[in-house]
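Asks: So that we are looking at the same thing, I have put the structure below in structure tokens.
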Amino acid sequence: MAKGPNIVYILLDDVGWADFGYNVNGNTSIPTPYIDRIAGEGIKLKSHYVQPTCTPSRASLLTGRYARNTGLTFAMFPDSISGLPDEMPTMPQLLRKVGYSAHMVGKWHLGHAQWKQLPVRKGFESFTGSFMGDLDSYDKSVWLGYRKFQSLDWIEAHENGTYKHQLNMTHATKMITDTAIERMHQHKQEKENPLFLYVSFTAAHSPLQAEPEDAIKCTHIPHLWRRQFCGMMVGLDKAIARLTEAAQEKLGDDTVIVVSSDNGGSVWFGALNQPLRSGKITVFEGGIRASAFVRDLSNGKYIGKGGREFHHKMHISDWLPTFLSWADSKHLVEDLNLDGIDQSEALKAGESVRDEVLVELYSPDETHDKARMSAYIKGKYKLIQGDVRDPYHYTEPTEDHVKTSDDQIFPRVIYEQLSRLFDAVWGERKAEVYRMALTNFLLFLSYSKRIGPQLMLFDLEKDVEERYNIAGGHPEIVADILKTLDEIKRKSPPMSEYYKMAIGNLTKTVVGDCSGTPIPEEYCRFAHPWLADDADLNEVPTESFAKMMRVRLLIDIGSILLGFLVIILFLFYCLCCRGKSKEMNLKQKKN
């Protein structure tokens with residue numbers, strides 16, 4: 001029988017530093033009593049680093065490598081043909097070599113153009129969940145605009161090749177939780193070996209669709225998006241409590257639970273990272289220092305005494321070698337040249353084994369918005385060089401608008417009002433893609449152009465809020481870190497073109513089962529692999545997602561504006577006609 005604990009890894013989506021009550025000593029508008037209690041019984045990870053967006057963090061988790069070395073440096077767009085490299089071993093594959101069972105529930109977001117890119121070809125025995133980045137929490141639909149239905153996105157798949165696309169209108173947070181508990185129960189009934197269960201929630205990513213009983217606990221919050229986000233967090237809080245209780249009951253004491261966000265909170269979609277700077281998509285601490293904790297149900301066998309904080313650096317890639325160390329199988333990773341570092345003894349002893357973290361590294365020809373960015377942490381220093389997407393600080397809103405240190409009206413206020421207009425006209429699900437596009441192509445691009453390329457150096461021990469750029473006073477430290485970044489880039493593999501979407505006459509969906517739901521038959525089509533495993537991806541026709549979205553924005557928003565103009569002209573015409581009619585009546589009376 002395999003050695004090692006049962007491992008339940010719970011990944012949250014877009015949850016910010018200030019969205020866990022314990023991170024800010026309860027000074028948050030969001031109630032997370034279960035999370036605070038469970039984390040308090042384990043180890044609160046206060047310097048747990050992830051990547052600025054979801055796909056790279058997930059790639060790092062499952063491969064034990066920095067995102068740069070997986071080729072996936074940004075969130076994958078719908079219809080992307082990219083995926084994890086074929087030759088790269090994954091966490092479930094390695095754990096199964098030493099006797100673990102491995103199952104996944106929830107959001108994948110690491111490619112689904114080919115069957116070999118799916119979780120059930122990357123080491124998981126089963127997968128129930130979604131392929132893409134966001135979905136409607138109830139009907140699991142994905143829209144690329146109010147007129148462009150992409151697909152439904154939910155599957156139950158097994159490594160023997162069988163699968164089922166069946167729609168269930170239950171909220172995604174509850175569905176993921178229920179399915180994960182079912183996997184624990186099945187494992188208890190059928191297996192004696194340890195279980196690796198990867199539970200990847202779609203919450204609290206937008207669209208912000210909280211269940212009514214969760215939303216009612218957030219009515220005290222004045223800001224709409226923060227209030228909606230709070231409802232999603234209340235649902236997650238309950239889910240983590242249920243998963244912890246189920247793990248104790250069904251898997252037993254020999255179990256470790258890890259909880260982390262995939263990136264910092266998305267401040268323009270209700271999350272908050274204060275006192276850390278900025279948020280998701282940026283390399284500031286608000287974008288990469290994740291809310292995270294680990295709970296050992298064995299009363300300290302694997303991580304030592306609970307009820308404490310761990311302030312030393314960790315990176316999400318560290319979990320792969322750490323889990324294999326717990327399984328007494330470190331030999332499996334000795335020749336893999338991982339970026340992840342075994343933290344098993346460090347967690348027990350409260351010691352530091354990691355001094356450096358590669359945060360981000362890409363050039364203009366490797367990203368969707370032609371940005372350049374390098375960011376690296378070395379000791380207490382953090383260097384940032386390139387195009388900064390959002391440089392501002394955000395705090396808890398006290399009124400019904402985002403509270404930011406940006407004091408200029410344009411484009412901030414226009415962005416927020418346009419976003420609310422889109423939500424009102426089309427509904428949050430269909431407006432989602434417009435808000436995403438506006439965030440990247442209007443708001444963040446304008447911020448980046450406003451301040452220009454930056455060279456920043458921060459002392460994170462003295463200035464975790466990153467308010468004081470000390471690059472000018474430490475040229476030798478700047479030069480040393482830049483040299484390190486140059487060496488990393490020289491050795492790194494080619495980047496994936498994650499931002500290219502497949503085009504042409506390709507059928508990317510299959511008919512599923514929507515019986516018992518309000519979904520019309522013509523919309524009952526589910527996302528599904530559409531390319532053969534041996535297809536040459538270099539031969540697949542593609543188009544830049546950014547270019548496609550700019551065109552769609554112009555067409556869709558232009559049509560709405562044209563519609564408003566027609567209505568205004570019609571009303572003006574009616575008023576003119578009414579005026580003329582009154583004038584004629586007066587003349588007739590005089591005659």
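Counting in the UniProt record's numbering, the sequence shown tops out at residue 591, every number present.
C-beta: ideal position from N, C-alpha, C; glycine also.
1. For Lys-382, tell me which candidate among Lys-403, Glu-285, Tyr-415 and Val-388 has the shortest Cα-Cα distance.
2. Leaving out five residues on either side along the sequence, give the residues of the same chain with a beta carbon under 6 Å from the beta carbon of Met-88.
3. Out of Leu-84, Leu-332 and Ile-341, which one is the CA nearest neighbour of Ser-317?
4. Do you know offhand how far Phe-517's Cα is from Leu-208's?
5. Mind checking whether Val-8 and Ala-290 have CB atoms under 8 Å apart?
6. Within 10 angstroms of the Cβ of Asn-27, are there 16 or more other Cβ atoms? Answer buried if so, exposed if not.
7. For Ser-374, count the other beta carbons within 10 Å of its own beta carbon; 16 or more makes it buried, fewer makes it exposed. Which is it?
8. Does DSSP put residue 635 in a helix, in a strand, or in coil?
9. Taking 8 Å as the cut-off, does the stretch 392-405 touch the stretch 170-190 (at least 3 CB pairs, one atom from each stretch)?
10. How many Å lie between residue 592 and His-315 at the Cα?
11. For the alpha helix (DSSP H) containing Met-233, list its first residue and its last residue.
12. By alpha-carbon positions, which one of Cys-218, Val-199, Val-551 and Thr-507 ends up nearest to Leu-11?
13. My output table needs one value for Asn-299: the three-state DSSP class, helix, strand or coil.
14. Could I get the ranges of all uninterrupted alpha helix (DSSP H) runs contained in the stretch 134-220, with 4 residues as the minimum, in chain order?
15. Taking the alpha carbon of Tyr-163 as the reference point, which residue from Gly-563, Leu-320, Lys-301 and His-528 has its own alpha carbon closest?
16. Would DSSP call Gln-114 helix, strand or coil?
17. Using CA coordinates, which residue listed in Gly-235, Gly-563 and Met-76 is at the minimum distance from His-109?
18. What number of angstroms, rounded off, separates the C-alpha of Val-333 from the C-alpha of Thr-219?
19. By the DSSP assignment, the beta strand (DSSP E) with Asp-459 in it spans what residues?
20. When the distance is taken between beta carbons, is Val-294 closer than 8 Å to Ile-35?
21. Considering Ser-261, what are the terminal residues of the beta strand (DSSP E) in which it resides?
22. Is the Cβ-Cβ distance between Ser-262 and Asn-69 less than 8 Å?
23. Hey, Ser-448 and Asp-387: beta-carbon distance below 8 Å or not?
24. Using CA atoms only, rank isn't needed, just tell me which of Trp-530, Met-495, Phe-127 and Val-511 is closest to Glu-522.
25. Give a yes or no on contact between the stretch 95-111 and the stretch 121-130, applying the rule of three or more CB pairs nearer than 8 Å.
26. Distance, Cα to Cα, residue 596 vs Gln-114?
27. Just grab the DSSP bridge partners of Ala-346 for me.
28. Express the C-alpha separation of Met-232 and Glu-211 in angstroms, rounding to a whole number.
29. Please list, in chain order, all residues of the same chain as Leu-554 whose beta carbon is under 8 Å from its beta carbon, the five residues on each side excluded.
30. Less than 6 Å between C-beta atoms, sequence neighbours within five positions excluded: which residues of the same chain meet that for His-311?
31. As a quick exercise: from Ser-260, Val-425 and Ser-446, pick the residue whose alpha carbon is nearest that of Val-413.
32. Once you ignore the five residues that flank Lys-430 on each side, which residues in its own chain have a CB closer than 8 Å to its CB?
33. For the beta strand (DSSP E) containing Ser-374, name the first residue and the last one.
34. How is the alpha helix (DSSP H) around Ser-60 delimited, first residue to last?
35. Just reading off the alpha helix (DSSP H) that Thr-484 is part of, what are its end residues?
36. Any chance the stretch 277-284 sits against the stretch 253-268, with 3 or more Cβ pairs inside 8 Å?
Replies: This is what the structure gives:
1. Distances from the CA of Lys-382 to each of Lys-403, Glu-285, Tyr-415 and Val-388 were compared; the closest alpha carbon is that of Glu-285.
2. Cβ neighbours of Met-88 beyond the five flanking positions: Thr-63.
3. Closest option to Ser-317, Cα to Cα, is Ile-341.
4. Before going on, a small fix: residue 517 reads as Thr here, not Phe. Each residue's Cα considered, the two are about 21 Å apart.
5. Contact flag unset, no.
6. Taking a 10 Å sphere around the C-beta of Asn-27, we find fewer than 16 other C-beta atoms and assign the residue as exposed.
7. With 16 or more other CB atoms across the displayed protein chains lying within 10 angstroms of its CB, Ser-374 is buried.
8. As shown, the chain starts at 1 and ends at 591. That puts residue 635 outside it, with no answer to give.
9. Taking a contact to require three or more Cβ pairs closer than 8 Å, the stretch 170-190 and the stretch 392-405 do not qualify as touching.
10. Since the first and last residues shown for the chain are 1 and 591, residue 592 lies out of range.
11. That run of the alpha helix (DSSP H) goes 224-246.
12. By alpha-carbon distance to Leu-11, the top candidate from Cys-218, Val-199, Val-551 and Thr-507 is Val-199.
13. Residue state, collapsed to three classes: coil.
14. Fully enclosed alpha helix (DSSP H) runs of 4 or longer: 172-190 and 212-215.
15. Per the C-alpha coordinates, the member of Gly-563, Leu-320, Lys-301 and His-528 positioned closest to Tyr-163 is His-528.
16. For Gln-114, the secondary structure class from DSSP, reduced to helix, strand or coil, is strand.
17. Residue nearest to His-109 within the set Gly-235, Gly-563 and Met-76 is Met-76 (criterion: CA-CA distance).
18. So the alpha carbons of these two residues sit roughly 49 Å apart.
19. Asp-459 -> beta strand (DSSP E) spans 454-459.
20. 8 Å or more divides the Cβ of Ile-35 from the Cβ of Val-294.
21. Taken as a continuous stretch (DSSP letters only), the beta strand (DSSP E) holding Ser-261 covers 255-261.
22. It should be noted that the sequence gives Asp, not Ser, for residue 262. Cβ distance not < 8 Å, so Asp-262 and Asn-69 don't count as in contact.
23. When the beta-carbon positions are compared, Ser-448 and Asp-387 come within less than 8 Å of each other.
24. Cα-wise, what sits closest to Glu-522 is Val-511.
25. Three or more Cβ pairs drawn from the stretch 95-111 and the stretch 121-130 lie within less than 8 Å of each other, which places the two stretches in contact.
26. There is simply no residue 596 to check, as the chain begins at 1 and stops at 591 in what is shown.
27. Paired residue(s): none; Ala-346 is not in a bridge.
28. For Glu-211 and Met-232, the distance between alpha carbons rounds to 8 Å.
29. Excluding the 5 residues flanking it on each side, Leu-554 has no same chain C-beta neighbour closer than 8 Å.
30. Residues of the same chain with a CB within less than 6 Å of the CB of His-311, apart from the 5 flanking positions on each side, are Lys-46 and Ser-47 in chain order.
31. For the residues Ser-260, Val-425 and Ser-446, the minimum Cα distance to Val-413 belongs to Ser-446.
32. Correct list, in chain order: Trp-143, Gly-145 and Tyr-146.
33. Element bounds for Ser-374: 373-378.
34. Here the alpha helix (DSSP H) through Ser-60 covers 54-63.
35. Secondary structure note for Thr-484: its alpha helix (DSSP H) is the uninterrupted segment 475-491.
36. Because the criterion of three Cβ pairs below 8 Å is met, the stretch 277-284 and the stretch 253-268 touch.
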